[in-house]
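Written below as structure tokens is the structure these notes are about.
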Amino acid sequence: MEEEKNMDYQVMEMQKELALRIERFSGEDGVNSTAIPSLHFIRASDASEPIHSIHEPALCIVAQGAKLVMLAQDSYQYDPSHYLVVSVDLPISGTIIQATPEFPYLCLRLDFDPKQVFDIISGSGQTLSKIRDSQRGLFVSKTNSSLLDAVLRLVRLLDTPQDIPVIAPLVIREILYHILQDEQGDSIKQMAMIGSHAHRIAKVIDQIKRDFTKPLRIEELVMTANMSASSLHHHFKQVTRMSPLQYQKQLRLQEARRLMLSGQMDAANAGFQVGYESPSQFSREYSRMFGLPPKSDIKRLLEA
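First residue of the sequence shown? That's 1 in full-length UniProt numbering, and the numbers climb one at a time after it.
And the structure:
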């Protein structure tokens, strides 16, 4: 019991230091880049409405505040006690639920790619546990002192930028090793293991992202995955919690919203640009996803 209390105290002290350092290197609210290309700090002074995005593979650690993430109908909350890992590109919506000007939301995001994971697996002789099915490409797990210690050592390198090129890759490798050791680590390993069902689904996701404005052809995805149509749908849903068609729809609608927000296009042209032939279908599906028709939604966002 005493050892557990000491561990909790260590974690709390490291979280305090991490919060101070994120605050120091975050010039303003939003996503702030750092001298380490894959490391970003996120700051927010207020709670937010749902923000839709395509979340690429990354580790997210909250030092202060809390966030709720939705993947299809599944919800995940993470805070200083829990970290989030996304192992494949996923359309999600995220809502900051705890943040004030006095105690802003402070989060660290470390991007990574499957090759880094594969190199660690190969170098350490790790294997996938005996799992019968693909696992979802997102999980939340309890933050521990070993992971936080490595993360802090990475963040401290920002004070000695001359050390970053040599030391940062080593520390990032250690951080990834720690999350691979997590009880849910197979969720990441499966994406890097060539030939696994999840690795094949990752290839299908890349194809859908590349051609999302074109009609979805299941027979082409089946060839990419080297699976039957039923197996493809099953494993795709296990990883992403949606069908290939639903995944494509998310990509289309998010890109259309971006085009309208940037002022490049009106609703009709944005819908056509991302692959919709029917303006009414585009408006109907847009309203279902974002809660308002395109014109009303963009007006609300611009006013906000």
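By construction, the Cβ of each residue, glycine as well, lies at the ideal position given by its N, Cα and C atoms.
I need the boundaries of the beta strand (DSSP E) containing K299, first residue and last residue.
Along the sequence shown, read from residue 1 onward, the residue named residue 299 stands at position 299. Residue range 294 to 303 is occupied by the alpha helix (DSSP H) that includes K299, with no beta strand (DSSP E) assigned at that position.
Just to confirm the assignment, what range does the alpha helix (DSSP H) spanning V195 have?
Looking up residue 195 in the sequence shown gives position 195. For the sequence presented, residue 195 should be read as Gly rather than Val. Run containing G195: none; DSSP gives neither H nor E here.
Exercise. Just to confirm, are C107 and V62 a CB contact at a threshold of 8 Å?
Worked result: For the purposes of this step, residue 107 is taken as residue 107 along the sequence shown, with counting starting at 1. For the purposes of this step, residue 62 is taken as residue 62 along the sequence shown, with counting starting at 1. Against a cut-off of 8 Å, the Cβ pair of V62 and C107 comes out as a contact.
Check: Of the choices I97, S122, A44, whose alpha-carbon is the least far from that of I194?
Finding: For the purposes of this step, residue 194 is taken as the residue at position 194 of the sequence shown. Taking the Cα of I194 as reference, the smallest distance to any Cα among I97, S122, A44 is reached at S122.
Smallest Cα separation from Y247: which of N269, S262, S231, V204? Within the sequence shown, the letter at position 247 stands for residue 247. Here the closest residue by C-alpha is V204.
Task: Every unbroken alpha helix (DSSP H) inside the region 189 to 223 [4 residues or more] - done: List check, alpha helix (DSSP H) in window: 197 to 210.
- Which whole-angstrom value is the C-beta distance of V140 and H82, which I expect to be below 8 Å? Numbered from its first residue, the sequence shown carries residue 140 at position 140. Numbered from its first residue, the sequence shown carries residue 82 at position 82. At roughly 5 Å, the Cβ-Cβ gap stays under 8 Å, so V140 and H82 are in contact.
Where DSSP assigns a beta bridge to P91, which residues make up the other side? For the purposes of this step, residue 91 is taken as residue 91 along the sequence shown, with counting starting at 1. According to DSSP, P91 bridges with I54.
**Enclosing alpha helix (DSSP H) for Q238 [first to last residue]** = One-based indexing of the sequence shown puts residue 238 at position 238. In the DSSP annotation of this structure, the continuous segment of the alpha helix (DSSP H) that includes Q238 starts and ends at 229 to 240.
- Item | Counted within 10 angstroms of its Cβ, other Cβ atoms place R257 as buried (16 or more) or exposed | On the sequence shown, residue 257 is found 257 positions in, with the first residue counted as 1. R257 should be labelled buried.
Whole angstroms is fine: what's the gap from R252's alpha carbon to Y276's? In the sequence shown, counting from the first residue as 1, residue 252 sits at position 252. In the sequence shown, counting from the first residue as 1, residue 276 sits at position 276. When only Cα atoms are considered, R252 and Y276 end up about 8 Å apart.
**Pairwise C-alpha distance: F272 and V86** = Taking the sequence shown and counting its residues from 1, the one referred to as residue 86 is at position 86. Taking the sequence shown and counting its residues from 1, the one referred to as residue 272 is at position 272. Across the structure, V86 and F272 are spaced so that their CA atoms are roughly 31 Å apart.
Go through its chain and collect everything with a Cβ distance to L245's Cβ below 7 Å, but skip five positions before and after it. Within the sequence shown, the letter at position 245 stands for residue 245. Closer than 7 Å at the Cβ level, and outside the excluded window around L245, lie L216.
Check: What's the gap between the Cα of V166 and the Cα of H197?
Finding: Reading the sequence shown from its first residue, position 166 is the one you call residue 166. Reading the sequence shown from its first residue, position 197 is the one you call residue 197. Cα to Cα, V166 sits roughly 35 Å from H197.
Inset, instruction - Taking D119 as part of the alpha helix (DSSP H), name the residues at either end of that continuous run. - result: On the sequence shown, position 119 is the one that residue 119 refers to. Unbroken alpha helix (DSSP H) run through D119: 114 to 124.
| G65: first and last residue of the uninterrupted alpha helix (DSSP H) it sits in | For the purposes of this step, residue 65 is identified with residue 65 of the sequence shown, where counting begins at 1. Annotation: G65 is outside any alpha helix (DSSP H) and is labelled neither H nor E by DSSP.
- Task: With a threshold of 16 other CB atoms inside 10 Å of the CB of L302, please say whether the residue is buried or exposed.
- Result: Taking the first residue of the sequence shown as 1, we reach residue 302 at position 302. Result: exposed.
Quiz item: On the three-state DSSP scale, how would you describe Q184?
Solution: In the sequence shown, counting from the first residue as 1, residue 184 sits at position 184. Q184: coil per DSSP, three-state reduction.
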